[in-house]
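S.K.:
6 protein chains.
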Amino acid sequence: MDSDNDTNPSNRINEFRSYRQRMNERVADIDHLGIKRFFRLDSAAYESGALDPKTKELLGLVASAVLRCNDCVDYHLDQCVQAGWSDEELHDALNVALVVGGSIVIPHLRHAVESIDLIRAGDLTSPAE
Amino acid sequence: MDSDNDTNPSNRINEFRSYRQRMNERVADIDHLGIKRFFRLDSAAYESGALDPKTKELLGLVASAVLRCNDCVDYHLDQCVQAGWSDEELHDALNVALVVGGSIVIPHLRHAVESIDLIRAGDLTSPAE
Amino acid sequence: MDSDNDTNPSNRINEFRSYRQRMNERVADIDHLGIKRFFRLDSAAYESGALDPKTKELLGLVASAVLRCNDCVDYHLDQCVQAGWSDEELHDALNVALVVGGSIVIPHLRHAVESIDLIRAGDLTSPAE
Amino acid sequence: MDSDNDTNPSNRINEFRSYRQRMNERVADIDHLGIKRFFRLDSAAYESGALDPKTKELLGLVASAVLRCNDCVDYHLDQCVQAGWSDEELHDALNVALVVGGSIVIPHLRHAVESIDLIRAGDLTSPAE
Amino acid sequence: MDSDNDTNPSNRINEFRSYRQRMNERVADIDHLGIKRFFRLDSAAYESGALDPKTKELLGLVASAVLRCNDCVDYHLDQCVQAGWSDEELHDALNVALVVGGSIVIPHLRHAVESIDLIRAGDLTSPAE
Amino acid sequence: MDSDNDTNPSNRINEFRSYRQRMNERVADIDHLGIKRFFRLDSAAYESGALDPKTKELLGLVASAVLRCNDCVDYHLDQCVQAGWSDEELHDALNVALVVGGSIVIPHLRHAVESIDLIRAGDLTSPAE
Numbered sequence: 118m119d120s121d122n123d124t125n126p127s128n129r130i131n132e133f134r135s136y137r138q139r140m141n142e143r144v145a146d147i148d149h150l151g152i153k154r155f156f157r158l159d160s161a162a163y164e165s166g167a168l169d170p171k172t173k174e175l176l177g178l179v180a181s182a183v184l185r186c187n188d189c190v191d192y193h194l195d196q197c198v199q200a201g202w203s204d205e206e207l208h209d210a211l212n213v214a215l216v217v218g219g220s221i222v223i224p225h226l227r228h229a230v231e232s233i234d235l236i237r238a239g240d241l242t243s244p245a246e
Numbered sequence: 118m119d120s121d122n123d124t125n126p127s128n129r130i131n132e133f134r135s136y137r138q139r140m141n142e143r144v145a146d147i148d149h150l151g152i153k154r155f156f157r158l159d160s161a162a163y164e165s166g167a168l169d170p171k172t173k174e175l176l177g178l179v180a181s182a183v184l185r186c187n188d189c190v191d192y193h194l195d196q197c198v199q200a201g202w203s204d205e206e207l208h209d210a211l212n213v214a215l216v217v218g219g220s221i222v223i224p225h226l227r228h229a230v231e232s233i234d235l236i237r238a239g240d241l242t243s244p245a246e
Numbered sequence: 118m119d120s121d122n123d124t125n126p127s128n129r130i131n132e133f134r135s136y137r138q139r140m141n142e143r144v145a146d147i148d149h150l151g152i153k154r155f156f157r158l159d160s161a162a163y164e165s166g167a168l169d170p171k172t173k174e175l176l177g178l179v180a181s182a183v184l185r186c187n188d189c190v191d192y193h194l195d196q197c198v199q200a201g202w203s204d205e206e207l208h209d210a211l212n213v214a215l216v217v218g219g220s221i222v223i224p225h226l227r228h229a230v231e232s233i234d235l236i237r238a239g240d241l242t243s244p245a246e
Numbered sequence: 118m119d120s121d122n123d124t125n126p127s128n129r130i131n132e133f134r135s136y137r138q139r140m141n142e143r144v145a146d147i148d149h150l151g152i153k154r155f156f157r158l159d160s161a162a163y164e165s166g167a168l169d170p171k172t173k174e175l176l177g178l179v180a181s182a183v184l185r186c187n188d189c190v191d192y193h194l195d196q197c198v199q200a201g202w203s204d205e206e207l208h209d210a211l212n213v214a215l216v217v218g219g220s221i222v223i224p225h226l227r228h229a230v231e232s233i234d235l236i237r238a239g240d241l242t243s244p245a246e
Numbered sequence: 118m119d120s121d122n123d124t125n126p127s128n129r130i131n132e133f134r135s136y137r138q139r140m141n142e143r144v145a146d147i148d149h150l151g152i153k154r155f156f157r158l159d160s161a162a163y164e165s166g167a168l169d170p171k172t173k174e175l176l177g178l179v180a181s182a183v184l185r186c187n188d189c190v191d192y193h194l195d196q197c198v199q200a201g202w203s204d205e206e207l208h209d210a211l212n213v214a215l216v217v218g219g220s221i222v223i224p225h226l227r228h229a230v231e232s233i234d235l236i237r238a239g240d241l242t243s244p245a246e
Numbered sequence: 118m119d120s121d122n123d124t125n126p127s128n129r130i131n132e133f134r135s136y137r138q139r140m141n142e143r144v145a146d147i148d149h150l151g152i153k154r155f156f157r158l159d160s161a162a163y164e165s166g167a168l169d170p171k172t173k174e175l176l177g178l179v180a181s182a183v184l185r186c187n188d189c190v191d192y193h194l195d196q197c198v199q200a201g202w203s204d205e206e207l208h209d210a211l212n213v214a215l216v217v218g219g220s221i222v223i224p225h226l227r228h229a230v231e232s233i234d235l236i237r238a239g240d241l242t243s244p245a246e
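Pasting the structure below:
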């Protein structure tokens, strides 16, 4: 729930993007070789391989939803929108997550649906890198 | 933690109720047949069957607590209070959740105990539908 | 799945009971004060308090099912049958677990339904202490 | 691990398919309306919608892998092979699950890789319905 | 994310400490014997035994990180700093948590790295008891 | 439970070691760059860094126990015994996992205690590489 309950929810996605970017830079500053390699491996997992990046982002979204991580859901929604998935397709993927993960996923479904709306509303601003 | 740390915690339950209602309506607007059916199935699971609704809400509370979902805990606490469970009974159920789920449940126990207090304090306002 | 796939499934519950008893004794032999206290606290959580033991065992069953632990499900099913819950009531409780936890709970639902059948079939043998 | 360690692993998939079918029939016999509706909703989630069934099965596979459910992984692998995903594509999807879910997913990756091999080896036998 | 996104993050740790202390007192007021015993058992688990308290706090930190509980992470970070672990050692422990738990742990890694910085910056104030 | 219930449990650890080695080789044969890099990153996480390998293996054990993965527990127990941790120290670490993770960890505690006994009994045979 948390910041979802803000009186000004339109800023939620932007705040997440800037916090994520700032802290990713701080984590990089730590200069831990294992952590840096993990971050590169994480990025590489969604690059073109036997599967295309668009499909992989949808896999990342559903994995994040069933594991109930709002930040991960928001990150992958940003990527999914950029990759060209429509709202209807994203909702259909979230339905798979809902059935696999059960009603405990519902708060994250509400969060995700709001995030999609916020991302679409802010399309003129540049998304998270 | 999050909104638990607010300087004005007395609004936390009300904010959750209105956010939940608003976003449930937005989710319904999406008009995804699978998602709508899931929401109906979710409601039906707590209706009278071999077990009575009062017992089922307590099952929902403990399931939510061990799965560590504050929003789900708050929703089922609202229902449990309406169903007539006393504070002592709710605390005893939360103890089962604590022993099954371990110390990782403690932040959610603190949240739940505060929520019970807030729900009782706001008894004059109508609870979430 | 595992031993569910045995050609002689009728022994599954009995094997679990004897393995559980034997290893609980081995764990007690270790004589770790914290572990021994945890085991006592675990037993005490299901004893009479604000809630009665029968209700608490049903809470333990649903918590075990959504956390997807077959051994814990079997243990609480043994206790629930002894406490007097009917098959219909147990199935209704498992339905709450299914809706909360999603399709990922289905293998444990199959396991639990089989366990209930096996426990009822073996009613003449003494259940786990 | 369990039956993965069998001296005759080639039967593992077939045993799972027959156990799953037998127990699904037993669960249907229980005749619990909520459970029956959940099973239908579960099947419907993978049928054609905004997303095609082939994509949805891959989503189901990755969700099952990060939630670490071997039975669910085997079921969705059966469906994914039928839907026409190649080994390389399945391995690439499992890599997303591995990165999202971490090394705790490795035992399920080993299981899944073996299951793919077993399913391909048994292609002449009819898969689970 | 939540309070991580605050414009004044320097207060996040202090707010958590005071909320935790206040609600632990409220939980103690409930006077539920099982809950009180669980809290004592929880404290005792980190006291000197076969392992020293410093090592145990690091175990508690990694357990909290892979189970993805920010409040638990913050509590154990406070204890770990008091026990004398350096930043480099804490980051190395968090790397183990990252590899075991996967990218789903990354939001909690960002949170933990920020918490370490905040705890060090506030060293003149007394940490949580 | 599963193979824990075998009439000849003394082979359980050896069977796990050989299955793990055989399937790790099969996974390597797949030749997926991301998966291979993940396996190397996983190994590297336990090598000497700011923390020594002995401490890191204990962190891996506790992370595996609270995430309830028997295979991961067995692997890290093998490594912990090789690293020189005593039974008393391993039991003390498992107690931390039990308190953090709750009674749902108990089946894995029983498994781990049996695994330690089996590993010690088979000390003359070479452990898993």
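Residue numbers (our numbering), protein chains in the order written: chain A, 118 to 246; chain B, 118 to 246; chain C, 118 to 246; chain D, 118 to 246; chain E, 118 to 246; chain F, 118 to 246.
Backbone N, C-alpha and C fix where the C-beta goes; we use that ideal spot for every residue, glycine too.
Since this is a predicted model, take the numbers as computed values, not measurements.
1) Return the CA-CA distance between A:V177 and D:I152, expressed in angstroms with no decimal places.
2) Between the C-alpha atoms of B:D169 and B:A182, what's the straight-line distance to the nearest angstrom?
3) Could you check what DSSP says for A:A162 in three-state terms: helix, strand or coil?
4) F:T237: which of F:W202, F:R154, F:G218 sits nearest, CA to CA?
5) Looking at C-alpha atoms only, which residue of E:V230, E:R134, E:D159 is the closest neighbour of B:I223?
6) Identify each residue in the segment 133 to 164 of chain D for which the Cβ-Cβ distance to at least one residue of chain B is less than 7 Å, and report them in chain order.
7) Got a sec, what are the start and stop residues for the alpha helix (DSSP H) F:L215 sits in?
8) Beta-carbon of C:D188 versus every beta-carbon of chain F: anything under 8 Å?
9) Roughly how many angstroms separate the alpha carbons of F:A210 and F:A167, rounded to a whole number?
10) Who are the Cβ neighbours of D:K173 in its own chain at under 6 Å, not counting the five residues just before and after it?
11) C:V179 and C:V213 - do their beta-carbons sit closer together than 8 Å?
12) Tell me which residue opens and which closes the alpha helix (DSSP H) that A:V230 is part of.
13) If E:G218 sits next to D:I221, beta carbons under 8 Å apart, how far is it from one beta carbon to the other, in whole angstroms?
14) Confirm, please, whether the CB-CB distance from A:R227 to B:V190 is below 8 Å.
15) Near E:R185, what residues of its chain come up, given a Cβ to Cβ distance below 6 Å and the 5 sequence neighbours on each side ignored?
16) The alpha helix (DSSP H) spanning D:R197 covers which residue range?
17) Going along the chain, which residues of its own chain have a beta-carbon closer than 8 Å to the beta-carbon of E:D258, five neighbours each way excluded?
18) Helix, strand or coil: which one does DSSP assign to D:D148?
19) Does any residue of chain C have a CB that is nearer than 8 Å to the CB of F:I221?
20) Name the two residues that bound the continuous alpha helix (DSSP H) containing B:L176.
21) If you measure from the CB of C:S135, is any heavy atom of the ligand ATP nearer than 7 Å?
22) Between E:L175 and chain B, is any beta-carbon pair separated by less than 8 Å?
23) With a 10 Å radius around its C-beta and 16 neighbouring C-beta atoms as the bar for buried, classify A:L150 as buried or exposed.
24) Less than 8 Å between CB atoms is the rule here; does C:H228 satisfy it with respect to chain B?
25) Buried or exposed: where does A:D148 fall if 16 or more other Cβ atoms within 10 Å of its Cβ makes it buried?
26) Using Cβ-Cβ distances below 9 Å, what residues of the segment 203 to 218 of chain D are close to chain A?
27) State the Cα-Cα distance for the pair A:S165 and B:V198, rounded to the nearest angstrom.
28) When the Cα atoms are used, what is the spatial distance from D:E206 to B:H193?
29) Can you give me the C-alpha to C-alpha distance between B:D204 and E:H208, rounded to a whole angstrom?
30) Hey, would you say B:L215 sits closer than 8 Å to E:F155, going by beta carbons?
M.R.: From the atom records:
1) Locating residue 177 of chain A in the first sequence gives position 60, counting from the first residue. Locating residue 152 of chain D in the fourth sequence gives position 35, counting from the first residue. Note that residue 177 of chain A is Gly in the sequence shown, not Val. Taking the straight line from one Cα to the other gives about 29 Å.
2) Walking along the second sequence from the start, residue 169 of chain B turns up at place 52. Walking along the second sequence from the start, residue 182 of chain B turns up at place 65. Straight-line Cα distance between these residues: approximately 21 Å.
3) Here residue 162 of chain A is taken as the residue at index 45 of the first sequence, counted from 1. Residue state, collapsed to three classes: coil.
4) The residue given as residue 237 of chain F occupies position 120 in the sixth sequence. The question names Thr, yet the displayed sequence has Arg at residue 237 of chain F. Comparing Cα-Cα distances from F:R237 to each of F:W202, F:R154, F:G218, the minimum goes to F:W202.
5) Here residue 223 of chain B refers to the residue found at position 106 of the second sequence. Looking at the Cα atoms, E:D159 is the closest of the given residues.
6) Residues of the segment 133 to 164 of chain D with a C-beta atom less than 7 Å from some C-beta of chain B are G151, R154, F155, L158, A161, A162, listed in chain order.
7) Translated into the one-based positions of the sixth sequence, residue 215 of chain F becomes position 98. Looking at the DSSP string, the run of the alpha helix (DSSP H) that includes F:L215 is 204 to 218.
8) Along the third sequence, read from residue 1 onward, the residue named residue 188 of chain C stands at position 71. So, interface residue.
9) Sequence index remark: in the sixth sequence, residue 210 of chain F carries index 93 (1-based). Sequence index remark: in the sixth sequence, residue 167 of chain F carries index 50 (1-based). So the alpha carbons of these two residues sit roughly 21 Å apart.
10) Start at 1 with the first residue of the fourth sequence, and residue 173 of chain D comes out as number 56. Same-chain partners within the cutoff: Y163.
11) For the purposes of this step, residue 213 of chain C is taken as residue 96 along the third sequence, with counting starting at 1. For the purposes of this step, residue 179 of chain C is taken as residue 62 along the third sequence, with counting starting at 1. In this structure, C:V179 lies closer than 8 Å to C:V213 by Cβ.
12) Reading the first sequence from its first residue, position 113 is the one you call residue 230 of chain A. From DSSP, the alpha helix (DSSP H) with A:V230 extends over 223 to 238.
13) Within the fifth sequence, numbered from 1, the residue matching residue 218 of chain E stands at position 101. Within the fourth sequence, numbered from 1, the residue matching residue 221 of chain D stands at position 104. Indeed, because the Cβ distance is near 7 Å, the residues count as touching under 8 Å.
14) Locating residue 190 of chain B in the second sequence gives position 73, counting from the first residue. Locating residue 227 of chain A in the first sequence gives position 110, counting from the first residue. No, these two residues do not count as a Cβ contact at 8 Å.
15) Stepping through the fifth sequence from its first residue, residue 185 of chain E is reached at position 68. The answer, listed in chain order, is H225.
16) Numbered from 1 along the fourth sequence, position 80 holds the residue referred to as residue 197 of chain D. The question names Arg, yet the displayed sequence has Cys at residue 197 of chain D. Here the alpha helix (DSSP H) through D:C197 covers 187 to 200.
17) In the structure as shown, chain E starts at 118 and stops at 246, and residue 258 of chain E therefore has no counterpart that could be examined.
18) Translated into positions along the fourth sequence, residue 148 of chain D becomes position 31. Reduced to three states, the DSSP call for D:D148 is coil.
19) By 1-based counting over the sixth sequence, the position of residue 221 of chain F is 104. Yes, its Cβ sits closer than 8 Å to a Cβ of chain C.
20) Along the second sequence, one-based indexing puts residue 176 of chain B at 59. Residues 170 to 183.
21) Of ligands this structure carries none, so the ligand ATP is not represented either.
22) Here residue 175 of chain E refers to the residue found at position 58 of the fifth sequence. Not one chain B Cβ lies under 8 Å of E:L175.
23) As a working mapping, residue 150 of chain A is identified with position 33 in the first sequence. It counts as exposed.
24) Along the third sequence, read from residue 1 onward, the residue named residue 228 of chain C stands at position 111. Output row for C:H228: interface = no.
25) Walking along the first sequence from the start, residue 148 of chain A turns up at place 31. Its Cβ having fewer than 16 others within 10 Å, A:D148 is exposed.
26) S203, D204, E205, E206, L207, H208, D209, A210, N212, V213, A214, L215, V216, V217, G218
27) Position 48 of the first sequence holds residue 165 of chain A. Position 81 of the second sequence holds residue 198 of chain B. In a straight line, the C-alpha of A:S165 is about 52 Å away from that of B:V198.
28) Indexing the fourth sequence from 1 puts residue 206 of chain D at position 89. Indexing the second sequence from 1 puts residue 193 of chain B at position 76. Roughly 42 Å between the two C-alpha positions.
29) Start at 1 with the first residue of the second sequence, and residue 204 of chain B comes out as number 87. Start at 1 with the first residue of the fifth sequence, and residue 208 of chain E comes out as number 91. Each residue's alpha carbon lies about 42 Å from the other.
30) Residue mapping note: residue 215 of chain B aligns to position 98 of the second sequence, counting from 1. Residue mapping note: residue 155 of chain E aligns to position 38 of the fifth sequence, counting from 1. Yes, they are a contact pair.
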